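Going by my numbering, the first residue of the sequence shown is number 41, and it counts up by one from there. Encoded as structure tokens, the structure appears first; notes follow it.
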Amino acid sequence: MEMNSQNVLIITYEFPPIIGGAGVYAHDMAIGLASNQCNVDIVTYNHLQESSVIKNRLKSSYDINVFDFIPRNGLHFLQFFFLIKKIIRIKEYDFIILSDGRAKKIFSVFSQSFKKEIPKSISVFHGNEINSFFVKPSRLIRFFSLSGKLKRLFSRQRLLITVSENEKQTWNKFMPELKNKIALVQHGVNENTFYVRTPDEISELKNFFGIPLGKKVLLSASRLIQMKGQDKVLDAYSRILSELSDVFLLIVGDGCYLESLKKQAESLGISNSVNFVGGVDRETLSKYYAIADLFVLPSRLEESFGLVYIEAAACGVPSISGNLGGVFEAVKDGLTGAIVDSFNVDELEGKMKYLLINNSARRELGQNALKKFKSSFTSKVMAHNLIVNLRKQ
41 MEMNSQNVLI
51 ITYEFPPIIG
61 GAGVYAHDMA
71 IGLASNQCNV
81 DIVTYNHLQE
91 SSVIKNRLKS
101 SYDINVFDFI
111 PRNGLHFLQF
121 FFLIKKIIRI
131 KEYDFIILSD
141 GRAKKIFSVF
151 SQSFKKEIPK
161 SISVFHGNEI
171 NSFFVKPSRL
181 IRFFSLSGKL
191 KRLFSRQRLL
201 ITVSENEKQT
211 WNKFMPELKN
221 KIALVQHGVN
231 ENTFYVRTPD
241 EISELKNFFG
251 IPLGKKVLLS
261 ASRLIQMKGQ
271 DKVLDAYSRI
281 LSELSDVFLL
291 IVGDGCYLES
301 LKKQAESLGI
311 SNSVNFVGGV
321 DRETLSKYYA
331 IADLFVLPSR
341 LEESFGLVYI
351 EAAACGVPSI
361 SGNLGGVFEA
371 VKDGLTGAIV
381 DSFNVDELEG
391 KMKYLLINNS
401 ARRELGQNAL
411 KKFKSSFTSK
421 VMAHNLIVNL
431 RKQ
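What follows is the structure, encoded as structure tokens:
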């Protein structure tokens, strides 16, 4: 089901090379909509030098236009507003996606300037918006009375999208008067970035990353904060290493907990068997997934969805996840991976050990994860589901 010749504008502060859920969503939704024959433009910040590379690739590969600006201290909010106004004066859009928090704040603060655009706009909720907008708003949100303005914005919009059923139920309880506007469109991933490599390509990547070909790779990737669960992964890994000396642990990501994790690995005596990779772009992250035998992230946070498990699935890799929040939608226990008690190291150790030893069971889970990804979680499927929900309004 296609929406031919529809003009779509995506407004987002977060956008690659910044790695965040809302930015990744905007990037992959744009590709998905373009694949469904929509004409897509993006308004965002110019974050880093790599922005021009991403802009050029989106234009050449998908005919997606990215309009951005270099932010100036103290003025970036107004710069964002004026650029959005400039773009919507030039072109008429059929619908407008407010992908992240800053986009929603812009439309709520300048609602009078966007009177024409708000009824055809869509807000996307990635998790934590209820807390950050209403329950524990920042001083800035309180100063500008944005909580009330945001509620009025949501009531006037065409559609409100949640990326998980768990998040949808949370919003239905919080704003039951908008229940008919709230729709589920699960997160999708661009399969041109995340995909299964051939055995030869995997060998080349292992050589490139300096990992012996005979080693199995256990991968964990996320923003490195304590509650993401890499501390439990290190504890469990240290217990199985004596029996499974052919397993190497890669931890990808950056954050405030990195040094603590390094010290933990050293105190456990496993530093030589762990590689802390640091932060990487999504293309490089895909290569790490490609060489992994098993992905593990037993997060102790109430994750809205669990994008990393879908990225792993796109590369044919099964996952071990925690048991909180919306991860149940991304990982199916016993079918595409394993779900463990986020706080239970013994259970995590047992699942890791079982799946690393039992090659056939692990590969079957990986194959199932890949099938589920292709049927439900590509960027094209995500965009198609958005289009279907728009047609219901």
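Positions of the beta carbon are idealized from the N, C-alpha and C atoms, including for glycine. This one's a predicted model, so the numbers in the text were calculated from it and none came from an experiment.
Just curious, the beta strand (DSSP E) that S326 is in, first and last residue?
That residue, S326, is in no beta strand (DSSP E); its alpha helix (DSSP H) goes R322 to I331.
Residues sharing a beta bridge with Y85, DSSP
Per DSSP, F109.
On the three-state DSSP scale, how would you describe E42?
Any reading at E42 must be qualified, since the residue scores a pLDDT of 47, below 50, and its modelled position is unreliable; the value itself is stated next. The DSSP-derived three-state label of E42 is coil.
So for V292, helix, strand or coil by DSSP?
V292 sits in a strand when the DSSP states are folded into three classes.
Per-residue DSSP class, three states only, for V149
Of the three classes helix, strand and coil, the one that applies to V149 here is helix, per DSSP.
Which residues in the same chain have their Cβ closer than 7 Å to the Cβ of N363, if we skip the five residues on either side of it in sequence?
Around N363, the same chain offers I379, V380, D381 and S382 as residues with beta carbons nearer than 7 Å, after the five sequence neighbours per side are excluded.
Out of A62, N86 and S101, which has the shortest C-alpha to C-alpha gap to V80?
Closest option to V80, Cα to Cα, is S101.
Give a yes or no on whether the C-beta atoms belonging to F135 and K156 are separated by under 7 Å.
The Cβ-Cβ distance between F135 and K156 does not fall below 7 Å.
Can you tell me which of the three DSSP states L284 falls into?
Here L284 sits in coil by DSSP.
So, helix, strand or coil for K99, using DSSP?
Residue state, collapsed to three classes: helix.
Can you name, in chain order, every residue of its own chain whose Cβ lies under 7 Å from the Cβ of G228, other than the five neighbours on each side?
Counting only Cβ-Cβ distances below 7 Å, and skipping sequence neighbours, we find D68, G72, F417, T418, S419, V421 and M422.
Specify whether the region 311-331 and the region 342-355 touch according to this definition: at least 3 beta carbon pairs, one from each stretch, less than 8 Å apart.
With the cut-off at 8 Å, the region 311-331 and the region 342-355 touch.
Starting from T202, trace the beta strand (DSSP E) both ways and give me its first and last residue.
Unbroken beta strand (DSSP E) run through T202: L199 to T202.
Got a sec, what are the start and stop residues for the beta strand (DSSP E) G377 sits in?
Unbroken beta strand (DSSP E) run through G377: G377 to I379.
Cβ contact (3+ pairs, closer than 8 Å) linking the region 313-325 and the region 336-345:
With a cut-off of 8 Å, the region 336-345 and the region 313-325 do not count as touching, because too few Cβ pairs lie within range.
How about the region 356-370 and the region 180-190: do they share at least three Cβ pairs that are nearer than 8 Å?
Output reads no: the region 180-190 does not touch the region 356-370.
Apart from the five residues just before and just after Y235, which ones in its own chain have a Cβ nearer than 7 Å to its Cβ?
Same-chain partners within the cutoff: A354 and C355.
Let me check one thing: in DSSP terms, what residues is K302 bridge-paired to?
For K302, DSSP assigns no beta-bridge partner whatsoever.
Taking the straight line between their C-alpha atoms, what separation do you get for L375 and N206?
Spanning the two alpha carbons is a distance of roughly 20 Å.
If E389 sits next to A276, beta carbons under 8 Å apart, how far is it from one beta carbon to the other, in whole angstroms?
Contact flag correct, Cβ pair sits at about 4 Å.
Start and end of the alpha helix (DSSP H) containing L426?
According to the DSSP assignment, L426 belongs to the alpha helix (DSSP H) that extends over S419 to K432.
What's the call for S260, buried or exposed, on a 16-neighbour Cβ count within 10 Å?
So S260 ends up on the buried side.
Quick one: what's got a C-beta closer than 6 Å to K268's C-beta in the same chain, skipping five residues either side?
Non-local beta-carbon contacts of K268 in its own chain, meaning distances under 6 Å to residues more than five positions away in sequence, involve S262 and S339 in chain order.
Name, in chain order, the residues that DSSP records as bridge partners for I136.
According to DSSP, residue pairing for I136 in a beta bridge involves L49 and S161.
Within 10 Å of its beta-carbon, does Q433 have 16 or more other beta-carbons around it, so buried, or fewer, so exposed?
Q433 is exposed by the Cβ-count criterion.
For V175 and M215, I'd like the C-alpha separation in whole angstroms.
Each residue's Cα considered, the two are about 13 Å apart.
Check the DSSP bridge columns for D373 and list the partner residues they point to.
Residue pairing by DSSP places D373 opposite G377 in a beta bridge.
Going along the chain, which residues of its own chain have a beta-carbon closer than 7 Å to the beta-carbon of H166, five neighbours each way excluded?
So the list reads G61, A62, Y65, V203 and S344, once near-sequence residues are dropped.
Backbone CA spacing between F249 and K255 [nearest angstrom]:
Straight-line Cα distance between these residues: approximately 12 Å.
Alpha carbon of L284 to alpha carbon of P358, nearest angstrom
So the alpha carbons of these two residues sit roughly 19 Å apart.
From N230, K372 and K411, pick the residue whose C-alpha is nearest to that of L98; which is it?
Of the candidates N230, K372 and K411, the one whose C-alpha sits nearest the C-alpha of L98 is N230.
Secondary structure at V367, three-state DSSP: helix, strand or coil?
In the structure shown, V367 falls within a helical segment according to DSSP collapsed to helix, strand and coil.
Run through DSSP, which three-state label would V236 get?
Judged by DSSP in its simplified three-state form, V236 adopts coil rather than helix or strand.
Using CA atoms only, rank isn't needed, just tell me which of V273, D333 and G293 is closest to Q304.
Selected option, being the one with the closest Cα: V273.
So, helix, strand or coil for G318, using DSSP?
Strand, per DSSP.
May I have the straight-line CA-CA distance separating L193 from E299, to the nearest angstrom?
Roughly 42 Å between the two C-alpha positions.
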